[in-house]
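Structure first, then comments.
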Amino acid sequence: MRQQCEHTGNIGGALVEFAITAPLLIVLALGIGNYGILIVNTASLAGATRALAEYARNSSACGVGGLADSSCVAGIGDFVTNLKSNDTSLSTASFSYPTGDLSTAGGNYCTCVDGTVIDCSAGTCNVSGDTRIVQYIQISATQDFSPLFAVINFGYFSPTNFGFPSSLSAQTTIRIQ
């Protein structure tokens, strides 16, 4: 005896279920992609500020005259240009770093060994006989962020990026002295 399969119309039900779930899955996939791009760009920005701070601390051009030395500032500028050309996620980033005498340049500060902040140019320290002044440099970077997928305007919703920031920022502070 031969049995025949009956066609019960399950194909139509499957198509309806797919039509309902496919947009949700697509939005979920695009959100995961946006998050991945956000993480990569943030990590690149943080890594670039660390690299610039390390350069300012360890470069022979910056060692003797500090950031007051024009070759040090030029070296940092060249480093920024190289970072931007070699990492496309940094191409639109803007970096800020001090470009002058460390004692007066913004983005720098000095402390005594106990952490008390002092004026770099005129400050003095005496913490239990220790007169050392510790100097730091701050490198900052900002960059606009545009997710791949944003709600343009679906009726009741105003344009939104689903909680993604419109700009990214990173800062590195490193002891240089």
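Residue 176 is where the sequence shown ends in numbering that gives the first Met the number 0, and the numbering goes up by one at each step. Backbone N, C-alpha and C define an ideal beta-carbon position, used for all residues, glycine too. No experiment lies behind these values; they were computed from the predicted model shown.
DSSP three-state assignment for residue i, whether helix, strand or coil
{"i": "A92", "result": "coil"}
{"i": "D129", "result": "strand"}
{"i": "V116", "result": "strand"}
{"i": "S61", "result": "The residue asked about is misnamed: residue 61 is Cys in this sequence, not Ser. Residue state, collapsed to three classes: helix."}
{"i": "C124", "result": "coil"}
{"i": "D86", "result": "coil"}
{"i": "S139", "result": "strand"}
Spatial distance of residue i from residue j (CA atoms)
{"i": "N125", "j": "V72", "result": "32 Å"}
{"i": "A169", "j": "R131", "result": "29 Å"}
{"i": "G162", "j": "C119", "result": "40 Å"}
{"i": "S58", "j": "T41", "result": "25 Å"}
{"i": "S84", "j": "S95", "result": "17 Å"}
{"i": "S69", "j": "Q137", "result": "18 Å"}
{"i": "T48", "j": "G122", "result": "28 Å"}
{"i": "G12", "j": "I19", "result": "11 Å"}
{"i": "F17", "j": "G32", "result": "22 Å"}
{"i": "I38", "j": "I173", "result": "23 Å"}
{"i": "I25", "j": "V15", "result": "16 Å"}
{"i": "N107", "j": "G76", "result": "18 Å"}
{"i": "L23", "j": "L29", "result": "10 Å"}
Start and end residues, beta strand (DSSP E) containing residue i
{"i": "I173", "result": "S166 to R174"}
Touching by the beta-carbon criterion (3+ pairs, under 8 Å), the segment 111 to 131 and the segment 139 to 146 = no
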